[in-house]
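Numbering (this note's numbering), first residue to last: 1 to 133.
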């Protein structure tokens, strides 16, 4: 954000919102599946474990990709297919976390241009999660 916007009284605070942790990712995935045809075999704990670094939008993309797989299968077979674990496993091969590049850039800002300690929370998060190197 342009420094002119960050003058006192405007957007003078910078908030760091880290990617959701494992329990939050599991809950978010469950919520995103509400109202969708869902098979009982979906292992949400496995999905949460394997989506470290995913943002909420990334998780949404994962759900949409799995749903697209189920829709494609439904069209091919002529019978509605519920979204199942197999669809999610396929989606995991396609969808990647978008936060990693941002965190790398933020790490560099935090290390070399941390005016007013505005990136201290980012540094703390990166060090805590083993990404501060």
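We put the CB at the ideal spot given by N, CA and C, even for glycine.
Taking the CA atoms as reference points, residue 5 sits about 10 Å from residue 13. Remark: C-beta atoms of residue 17 and residue 62 do not approach each other more closely than 7 Å. For a cut-off of 8 Å, the C-beta gap from residue 45 to residue 82 is around 19 Å, too long to register as a contact.
Runs of the alpha helix (DSSP H) lying entirely within the stretch 36-88, each at least 4 residues long, are 44-49, 56-77 in chain order. Residue 119 sits in coil when the DSSP states are folded into three classes, being neither helix nor strand. Cα atoms of residue 89 and residue 126: separation of roughly 28 Å, rounded to the nearest angstrom.
Under the three-state reduction of DSSP output, residue 106 falls in the helix class. Closest option to residue 98, judged by alpha-carbon separation, among 75, 60, 76: 60.
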